[in-house]
Amino acid sequence: MVLEVGLIDVTAGSEDDFAAAYRTARELLTGTPGCRSVRMTRGVESPSRFVLLVEWDSVEAHEQNFRASERYGAWRGLIGPYFAQPPRVEHFTDLH
1 MVLEVGLIDV TAGSEDDFAA AYRTARELLT GTPGCRSVRM TRGVESPSRF VLLVEWDSVE
61 AHEQNFRASE RYGAWRGLIG PYFAQPPRVE HFTDLH
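Position one of the sequence shown corresponds to residue 1 (full-length UniProt numbering), numbered consecutively onward.
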């Protein structure tokens, strides 16, 4: 399992619109083969900053099943207009 962490800064004043777009777009992630869970959090001190947490079976599941599919274009079409800058996205694995 890998954890995708996306740091998303949205344009100030568009936070509620971004959140509504995410609620619509979320099913594009949850319906992707290899996606285990999806969680979006919002900053307390920085309310225009959001953190997306997605558990994938593997990096390949994320890149091949989502990023290389039409789902990704639809996802970006819904939430992308609210980005203040491109999100920073990285993958992490648990320590054992």
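No residue lacks a Cβ here, since even glycine has one placed at the ideal position from N, Cα and C.
None of these values were measured; they are calculated from a predicted model.
Where residue i sits in the DSSP three-state scheme
{"i": "residue 78", "result": "helix"}
{"i": "residue 3", "result": "strand"}
{"i": "residue 41", "result": "strand"}
{"i": "residue 52", "result": "strand"}
{"i": "residue 17", "result": "helix"}
Distance between beta carbons of residue j and residue i, contact taken as under 8 Å
{"i": "residue 5", "j": "residue 53", "result": "6 Å"}
{"i": "residue 60", "j": "residue 3", "result": "With a Cβ gap of about 15 Å, residue 60 and residue 3 do not count as contacting."}
Beta-carbon gap between residue i and residue j smaller than 8 Å
{"i": "residue 9", "j": "residue 49", "result": "yes"}
{"i": "residue 34", "j": "residue 57", "result": "yes"}
{"i": "residue 51", "j": "residue 7", "result": "yes"}
Close Cβ partners of residue i (< 7 Å) along its chain, the five nearest in sequence each way excluded
{"i": "residue 78", "result": "21, 24, 25"}
{"i": "residue 92", "result": "2, 3, 5"}
{"i": "residue 15", "result": "47, 48"}
Residues near residue i by beta carbon distance below 6 Å, same chain, minus five either side
{"i": "residue 41", "result": "51"}
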